[in-house]
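Peer 1:
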Amino acid sequence: SLQGFQITHSLGGGTGSGMGTLLISKIREEFPDRMMATFSVVPSPKVSDTVVEPYNATLSVHQLVENSDETFCIDNEALYDICMKTLKLPQPSYDDLNHLVSSVMSGVTTSLRYPGQLNSDLRKLAVNLVPFPRLHFFMVGYAPLTSLGSQSFRSLSVPQLTQQMFDAKNMMAASDPRNGRYLTVAAFFRGKVSVKEVEDEMYKVQTKNSSYFVEWI
1 SLQGFQITHS LGGGTGSGMG TLLISKIREE FPDRMMATFS VVPSPKVSDT
51 VVEPYNATLS VHQLVENSDE TFCIDNEALY DICMKTLKLP QPSYDDLNHL
101 VSSVMSGVTT SLRYPGQLNS DLRKLAVNLV PFPRLHFFMV GYAPLTSLGS
151 QSFRSLSVPQ LTQQMFDAKN MMAASDPRNG RYLTVAAFFR GKVSVKEVED
201 EMYKVQTKNS SYFVEWI
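Going by UniProt numbering, 97 is the number at position 97 of the sequence shown; the sequence numbering is gapless.
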């Protein structure tokens, strides 16, 4: 059966913000009981093409608040920073940026395609992550980061992966999480990892960084 829809669009341009959110609202009208997840590229003042980007983004965010169930926020500034500072790519191409976005999409939807302990579909993911219906905007941290076509890989432990996931340099939105507080967090691990090790590491994250998590959720 149909679980829901995933939409990728940019909020900076007229097509992604206007046409994209119109499409989302029309799908919502036709399929009100299905989940709507969006991967939305939000504009950044450091990587800006046009002066109307803030207007486009402001107007389209209102539509996402009303018609989306899960919105994963990505911005070009963070993508460029990851490519240039972490992956050491002097001139990132759109292919490099899209590779990061597609990796995030693949990671977020892993539990839909492979067996897992939690969040086995879009609805369960929303139930576990969204504290209030209108607060469904997420920042995504991803690890390990690899460049497009990279042939060299190294094995990382669960603590290393967790540390990288929560590092501001691995966030797909140019925002330092240390300046705010987490309402909810979900961590997806792929591969041969121990469930107990993951649970222990998540407990350590919460207790060691308790000031970064709200107490009332």
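Ideal placement from N, C-alpha and C gives every residue a C-beta, glycine not left out.
Once DSSP output is grouped into helix, strand and coil, what is the label at D81?
Peer 2: Helix, per DSSP.
Peer 1: If I measure Cβ to Cβ from M105 and keep anything under 7 Å in the same chain, skipping five residues before and after, which residues do I get?
Peer 2: Cβ within range, chain order: F39.
Peer 1: Write down the C-beta distance between residue 226 and A143 rounded to the nearest angstrom, noting that I regard them as a contact closer than 8 Å.
Peer 2: A query on residue 226 cannot be resolved here, the shown segment of the chain reaching from 1 to 217 and no further.
Peer 1: Look up G13 in the DSSP assignment and say whether it is helix, strand or coil.
Peer 2: If DSSP states are grouped into helix, strand and coil, G13 belongs with coil.
Peer 1: Taking its Cβ as the centre, do 16 or more other Cβ atoms sit within 10 Å of Q63, making it buried, or is it exposed?
Peer 2: Per the 10 Å Cβ criterion, buried.
Peer 1: Anyone know if the C-beta pair for G12 and D69 falls short of 8 Å?
Peer 2: No, Cβ-Cβ distance for G12 and D69 is not below 8 Å.
Peer 1: Give the secondary structure of T50 by DSSP, where H, G and I count as helix, E and B as strand, and everything else as coil.
Peer 2: Note: T50 maps to coil in three-state DSSP.
Peer 1: Below 8 Å on the Cβ atoms is my guess for V158 versus E201; work out the distance and round it to an integer in Å.
Peer 2: Indeed, because the Cβ distance is near 5 Å, the residues count as touching under 8 Å.
Peer 1: Can you tell me which of the three DSSP states Q6 falls into?
Peer 2: In the structure shown, Q6 sits in a strand (DSSP, three-state: E or B).
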